[in-house]
Amino acid sequence: MVLGVSGLTALAAIVGPLPLALGRPPSRSVIGWANALAGGLMIGVAYALLTEGLGGALIAGGLGALLGIFFVRTTHALVGTGELDVDGPDSAGPGGGYKAIVVDSLHAADEGVAIGVAMAVAVPLGVAMAATLAVHNVPEAMLLSTVLTRRGLSVPRAAGVAVAVNLNQVLLAVATFAVLGAVPAGLPWVAGFAVGALMYRSLVELLPESYHQAGETSIAMVTLLAMGIVVLLVGVTG
Amino acid sequence: MNEVLLVFFYALLTAVATGLGAIPFAFVRTISERFAAYSAAVAGGLMLGASFGLVAEGTGYGRGETLIGALLGVGFILITQRFLGEQDGHEMVFEAVSGDGARKMLLILIVMTVHSFAEGVAVGVSFGGGVTLGAIITVAIAIHNVPEGVAISAVLRPQGVSVGRCAGWSIFSSLPQPLMAVPAFLFVETFRTALPYGLGFAAGAMVYMVLVELLPEAYEHGDRAQVATLATVSAVAMVLFQQWL
Numbered sequence: 003m004v005l006g007v008s009g010l011t012a013l014a015a016i017v018g019p020l021p022l023a024l025g026r027p028p029s030r031s032v033i034g035w036a037n038a039l040a041g042g043l044m045i046g047v048a049y050a051l052l053t054e055g056l057g058g059a060l061i062a063g064g065l066g067a068l069l070g071i072f073f074v075r076t077t078h079a080l081v082g083t084g085e086l087d088v089d090g091p092d093s094a095g096p097g098g099g100y101k102a103i104v105v106d107s108l109h110a111a112d113e114g115v116a117i118g119v120a121m122a123v124a125v126p127l128g129v130a131m132a133a134t135l136a137v138h139n140v141p142e143a144m145l146l147s148t149v150l151t152r153r154g155l156s157v158p159r160a161a162g163v164a165v166a167v168n169l170n171q172v173l174l175a176v177a178t179f180a181v182l183g184a185v186p187a188g189l190p191w192v193a194g195f196a197v198g199a200l201m202y203r204s205l206v207e208l209l210p211e212s213y214h215q216a217g218e219t220s221i222a223m224v225t226l227l228a229m230g231i232v233v234l235l236v237g238v239t240g
Numbered sequence: 006m007n008e009v010l011l012v013f014f015y016a017l018l019t020a021v022a023t024g025l026g027a028i029p030f031a032f033v034r035t036i037s038e039r040f041a042a043y044s045a046a047v048a049g050g051l052m053l054g055a056s057f058g059l060v061a062e063g064t065g066y067g068r069g070e071t072l073i074g075a076l077l078g079v080g081f082i083l084i085t086q087r088f089l090g091e092q093d094g095h096e097m098v099f100e101a102v103s104g105d106g107a108r109k110m111l112l113i114l115i116v117m118t119v120h121s122f123a124e125g126v127a128v129g130v131s132f133g134g135g136v137t138l139g140a141i142i143t144v145a146i147a148i149h150n151v152p153e154g155v156a157i158s159a160v161l162r163p164q165g166v167s168v169g170r171c172a173g174w175s176i177f178s179s180l181p182q183p184l185m186a187v188p189a190f191l192f193v194e195t196f197r198t199a200l201p202y203g204l205g206f207a208a209g210a211m212v213y214m215v216l217v218e219l220l221p222e223a224y225e226h227g228d229r230a231q232v233a234t235l236a237t238v239s240a241v242a243m244v245l246f247q248q249w250l
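This is the structure in structure tokens:
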């Protein structure tokens with residue numbers, strides 16, 4: 003079930019490059035709103051895991067969150083993507099496309115952990131998280147395929163890459179669920195890790211970039227809408 | 006003591022505790038743009054975490070009602086922003102600060118004061134379960150208010166407002182708690198129905214304030230990674246703190 007749900011979540015990314023396939027590349031504002039939508043959904047997932055996933059193990063959850071932040075900070079430092087705007091002038095060099103792919107692959111890894119841990123907490127929560135991240139994958143794939151097509155990649159190839167970067171999501175969802183089945187005591191640690199990584203990533207990558215692309219009011223609205231979607235989905239599946 | 010007076014007194018104590026949030030700022034000597042940015046990140050994180058708690062509590066009473074309340078909260082801030090922006094050519098002055106700084110300080114004070122109305126109702130409704138538990142609930146809410154005082158002071162102090170006045174404004178922002186706790190205690194059932202709307206309203210207003218004012222300011226003058234770290238740690242710490250209480 004975890005494999006199927008996370009697989010569908012990853013596949014949802016195929017919808018993202020549709021505007022490009024229809025010959026209508028998204029405007030700068032639309033890219034900003036897509037970033038805000040993706041970021042708000044990640045913060046929403048963090049909210050759901052924080053309020054429903056720790057099971058009272060607060061110290062373990064807190065330390066897990068610190069580990070999640072440390073993980074993202076370290077990978078950014080190693081790959082050199084700490085201040086990268088995927089759609090900005092910094093990413094215009096030859097390594098820009100590669101960095102955008104790396105950033106999105108790392109996103110998918112955290113998100114896979116989030117699906118796996120949510121499934122381990124309760125199946126309805128896992129389904130809600132998978133549905134949220136499926137929605138999240140659409141704007142993320144739109145952004146990545148836009149960046150890649152600007153570098154000369156064809157739309158089908160860019161779409162293929164945008165879906166492929168989400169394979170991490172499936173692998174880590176299944177692996178996390180399996181590991182937590184064997185070691186249930188690790189659940190609050192892993193939930194905390196996912197919270198720290200997702201929230202930090204949203205605040206260090208998606209939101210700052212979105213403010214450069216669209217006005218603060220519209221970015222705030224879209225981010226809030228995304229967080230509201232998560233609250234609704236958790237209610238519908240729960 | 007009369008039960009109503011007791012509820013008022015307990016709720017007043019929780020409001021005074023908010024002033025303790027200004028204390029950490031007594032140890033800061035120089036206030037640079039970078040300090041202001043990181044203060045905004047901490048304030049934003051704390052408000053985001055507090056909103057998570059409000060939404061979690063509100064959805065326990067009614068999910069749709071909480072979301073409708075959140076929408077109303079955003080609408081309220083939009084109208085307030087417009088009102089604060091339209092001063093017929095006169096530059097706004099607050100605490101001897103003019104322009105954007107004054108507008109930002111007023112906005113956070115309005116947001117935090119309005120959110121205290123909902124918290125006051127929550128206090129009153131929980132007292133409705135029996136005054137014997139009052140002392141425990143009071144201590145929990147009072148401790149919970151301290152980081153909210155930190156959030157307010159983190160916006161006021163970088164504008165040059167003294168620590169004493171930061172504490173005063175923090176307490177002021179929580180005064181609706183005792184005022185709302187009493188009617189909520191007296192008419193528990195009526196207020197219980199309105200509670201999810203109120204909690205959602207407070208959360209919507211606070212998150213919107215974070216997204217439209219605090220985070221953009223933090224990103225403008227601070228290092229992005231440090232802003233994200235401070236905001237994430239503050240938000241997670243606030244949620245864990247509330248769960249511990």
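In order, the protein sequences belong to chains F and L.
Numbering of the first sequence is given in the numbering used here, commencing with residue 3 and proceeding in unit increments.
Numbering of the second sequence is given in the numbering used here, commencing with residue 6 and proceeding in unit increments.
Where a beta carbon is used, it is the ideal one built from N, C-alpha and C, also for glycine.
Does residue i get closer than 9 Å to chain L when you measure Cβ to Cβ?
i: Arg75/F; result: yes
i: Pro91/F; result: Caution applies to Pro91/F, whose pLDDT of 46 falls short of 50 and renders its modelled position unreliable; the model cannot decide the point.
i: Ile33/F; result: no
i: Met223/F; result: yes
i: Leu145/F; result: no
i: Met229/F; result: yes
i: Leu68/F; result: yes
i: Thr219/F; result: yes
i: Val81/F; result: no
i: Val233/F; result: yes
i: Pro210/F; result: yes
i: His78/F; result: yes
i: Met201/F; result: yes
i: Leu245/F; result: What the structure shows of chain F is the stretch from 3 to 240, and residue 245/F is not part of that stretch, so it cannot be assessed.
Indicate whether residue i and residue j have their beta-carbon atoms separated by less than 9 Å.
i: Leu59/L; j: Pro183/L; result: no
i: Val47/F; j: Ala160/F; result: no
i: Leu219/L; j: Val160/L; result: yes
i: Ala15/F; j: Val140/F; result: yes
i: Leu52/F; j: Gly63/F; result: yes
i: Arg162/L; j: Ser44/L; result: yes
i: Val217/L; j: Thr219/F; result: yes
i: Leu1/F; j: Ala164/F; result: Nothing can be reported for residue 1/F, as the shown portion of chain F is limited to 3 through 240.
i: Leu235/F; j: Asp112/F; result: no
i: Trp191/F; j: Gly66/F; result: yes
i: Leu256/F; j: Ala123/L; result: Absent from the structure is residue 256/F, since the part of chain F shown begins at 3 and ends at 240.
i: Leu5/F; j: Val167/F; result: no
Using a beta-carbon distance below 9 Å, is residue i in contact with chain F?
i: Arg229/L; result: yes
i: Phe57/L; result: yes
i: Val47/L; result: no
i: Gly209/L; result: yes
i: Ala233/L; result: yes
i: Thr85/L; result: no
i: Leu204/L; result: no
i: Arg68/L; result: yes
i: Pro221/L; result: yes
i: Leu180/L; result: no
i: Thr118/L; result: no
i: Leu72/L; result: yes
i: Leu191/L; result: no
i: Ala159/L; result: no
i: Val238/L; result: yes
i: Ala75/L; result: yes
i: Leu200/L; result: no
i: Thr195/L; result: no
i: Tyr213/L; result: yes
i: Val155/L; result: no
Compute the beta-carbon to beta-carbon distance between residue i and residue j, rounded to the nearest angstrom, for a pair I have assumed lies under 8 Å.
i: Gly65/L; j: Ser175/L; result: Between Ser175/L and Gly65/L the Cβ distance is about 28 Å, and since that is not below 8 Å, they are no contact.
i: Ala147/L; j: Leu200/L; result: That pair is no contact at about 20 Å.
i: Leu111/L; j: Gln86/L; result: With a Cβ gap of about 10 Å, Leu111/L and Gln86/L do not count as contacting.
i: Gln196/L; j: Val130/L; result: The sequence given here places Phe at residue 196/L; Gln does not occur at that position. Yes, Phe196/L and Val130/L are in contact; Cβ-Cβ is about 6 Å, under 8 Å.
i: Ala122/F; j: Ala196/F; result: At roughly 11 Å, the Cβ-Cβ gap does not stay under 8 Å, so Ala122/F and Ala196/F are not in contact.
i: Ala12/F; j: Gln171/F; result: 5 Å
i: Val212/L; j: Ser56/L; result: 5 Å
i: Ser158/L; j: Phe13/L; result: Contact doesn't hold; Cβ gap of about 26 Å is too wide.
i: Gly230/F; j: Leu72/L; result: 6 Å
Return no unless some Cβ of chain C is closer than 9 Å to the Cβ of residue i.
i: Gln248/L; result: Although the question refers to chain C, the structure presented lacks it and instead comprises the protein chains F and L.
Next item on the list: Determine contact between the segment 204–221 of chain F and the segment 221–238 of chain L, defined as no fewer than three beta-carbon pairs at a distance below 8 Å.
Entry: yes
Next item on the list: For the segment 24–76 of chain L, list the alpha helix (DSSP H) runs that are entirely contained and at least 4 residues long, ordered along the chain.
Entry: 38–66
Notebook entry, point to check: Do three or more CB pairs link the segment 196–212 of chain L to the segment 30–44 of chain L at distances below 8 Å?
Noted result: no
Next item on the list: Taking 8 Å as the threshold, find out whether the segment 19–38 of chain F comes into contact with the segment 124–133 of chain F through three or more Cβ pairs.
Entry: no
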